Each structure stands twice: as C-alpha cells, then as structure tokens.
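These notes concern the structure reproduced below.
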Amino acid sequence: MDTIEELRGKTLGVIGYGSIGRETARLADAMGMRVLALKRNPKDRLDQGWCPAGLGDPEGKIPEKYVGPDECAAILAESDYLTVTLPLTSSTRKFIGAKEIAAMKAGAYIVNIGRGEVIDEAALIDALRSGRIGGAGLDVFEHEPLEASSPLWDMENVILTPHMSGANRGYMEKACELFVENLRRFSSGKELLNRVDPVQGY
C-alpha cells in the first residue's frame, strides 16, 4: 500500500484550460487537489462554450493561479501531476519539449488526453527512462496507432490507452443535446456554441 499516493493536497497543473481541462480541474478540486491553469489568454476566465449543469468550471473559479503560454515553466515546476488538454495548432506542436520536461517537478506525472504531437515523444521517453519524471498516462501519440517498436509499450511507469479517454455510453446523447441547442440558436438567429475559430485552429 505504500506505493499508492494520495491525491489530496497535491498540485495539478492543467495545460489547456478549455472544456476538458475545466472538467479535469473540477474532479481534481473535489479530491482536494490544488489546481493551476495555463490558458492562451489567462485574463479571459469564462467558458463561453456548451457545458452541462454541474460540470466543468464555467466561471473559471477553481484554479488558484492562471498563467499564459510564456509562463509555462511556473506551472511545470509546481505540479505533482500535469494534464495536457491542448488542441494541436502551429503554436502548440511540441509545446511540451525537452526544456519543459526538464522544468517539471522531479518525480511528477504527466497525462496527455489532448493531442499526441503537443508533446515531444522522444524527450518524454528519455525522461521516463531516466526516472526524471515519475510516469505518464498517454491516450494520444505522435503517430497513431502507436508503433509496435515504440519503447512506451514496455515501460512499467506508463499507462497507454488507444485514444479513447472521452468514450462513454452517454457521449452521443450529450452531442445530440448540443446539436439541439445549436439548432434552436440557429433558428432564432443567436450565436452558436462551440464554433471553431479558423484563425486559432480550434
């Protein structure tokens, strides 16, 4: 039992405070974790997207601290756990590279449920091999499916899942709820929820 670590009192850094990051923060907060958040525009804390009642952090009140992309090292150094929920854009490709991994708290854990190419996989593998970081939970990879030759398959400090972290029985029901709400908005000339910004790339 001494290998099981308690989450209460630990710090979670959320890299990408969108809908997924906010729900992750809500769950972490419920378990007594301190939450830090990285957001492209840290002053804009409201979530304007679709959010079912009781989920996420629509008002952005959970994080103790917000930082922008240029201050990423501040979150990395403080976090016992790091969750990466960034979209893949020209600005986020290999956002977490060798320099950022070196800035992580020694023994920290990283979980990527965003996009595989946001993390430099070779740098991550080096850090996992050396014990620089404690472990990783990876749902996404630079190349999918993950190549049979990848060293990640044989690492005892890594949990791999096949890009399915968002899968659940209620997924399509929730997607239909969003569709219905947007259909109502479209019919009445209101702004749609969760619109993609072609300039930002997500």
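In terms of the numbering used here, the sequence shown is residues 1164 to 1365. Note that beta-carbon positions come from the ideal geometry of N, C-alpha and C, so glycine has one too. Quantities reported herein were computed from a predicted structural model and do not represent experimental measurements.
Residue i (DSSP reduced to helix, strand or coil)
| i | result |
| --- | --- |
| Thr1246 | strand |
| Arg1197 | strand |
| Ile1259 | strand |
| Ile1238 | helix |
| Ile1282 | strand |
| Arg1358 | coil |
| Leu1373 | The chain is shown from 1164 up to 1365; residue 1373 falls before or after that span and cannot be answered. |
| Pro1308 | coil |
| Ser1293 | helix |
| Ile1167 | coil |
| Ala1269 | coil |
Counterpart residues of residue i in DSSP-defined beta bridges
| i | result |
| --- | --- |
| Asn1275 | Val1247 and Leu1301 |
| Tyr1334 | Note: Tyr1334 sits in no beta bridge, so no partner. |
| Val1321 | Ala1299 |
Cutoff 8 Å: residue i Cβ touching any chain D Cβ
| i | result |
| --- | --- |
| Ala1338 | Checking the listed chains, one finds no chain D in this structure; it contains a single protein chain. |
Residues of its chain near residue i, where Cβ-Cβ distance is below 6 Å and the 5 sequence neighbours each way are ignored
| i | result |
| --- | --- |
| Leu1315 | Val1321 |
| Lys1173 | Met1196 and Asp1243 |
| Asp1220 | Arg1185, Ala1188 and Arg1189 |
| Val1303 | Asn1275, Arg1278, Gly1279 and His1326 |
| Leu1323 | Leu1301 |
| Leu1170 | Met1194 and Met1196 |
| Tyr1180 | Ala1200 and Lys1202 |
| Thr1252 | Gly1364 |
Cβ separation of residue i and residue j, assumed to be a contact under 8 Å, to the nearest whole Å
| i | j | result |
| --- | --- | --- |
| Ser1242 | Lys1268 | 6 Å |
| Leu1287 | Ile1178 | Actually they do not touch by this definition, with Cβ atoms about 14 Å apart. |
Spatial neighbours of residue i in its chain, beta-carbon cut-off 7 Å, leaving aside the 5 residues before and after
| i | result |
| --- | --- |
| Asp1192 | Val1198 and Ile1225 |
| Glu1227 | Arg1197, Val1198 and Leu1199 |
| Phe1258 | Leu1249 and Val1281 |
| Asp1233 | none |
| Glu1305 | Gly1279, Glu1280 and Glu1284 |
Cut-off 8 Å between Cβ atoms - residues of its own chain near residue i, not counting five sequence neighbours on either side
| i | result |
| --- | --- |
| Gly1231 | Leu1201, Lys1202, Arg1203, Asn1204 and Pro1205 |
| Lys1337 | Pro1215 |
| Arg1348 | Glu1354, Leu1355 and Leu1356 |
| Arg1256 | Glu1280 and Val1281 |
| Tyr1272 | Asp1243, Tyr1244, Leu1245, Ile1296, Gly1297, Gly1298, Ala1299 and Gly1300 |
Query raised in the report: In the stretch 1174-1231, which residue ranges form an unbroken beta strand (DSSP E) of at least 3 residues, counting only runs that do not cross its ends?
Result: 1174-1178, 1197-1201 and 1228-1230
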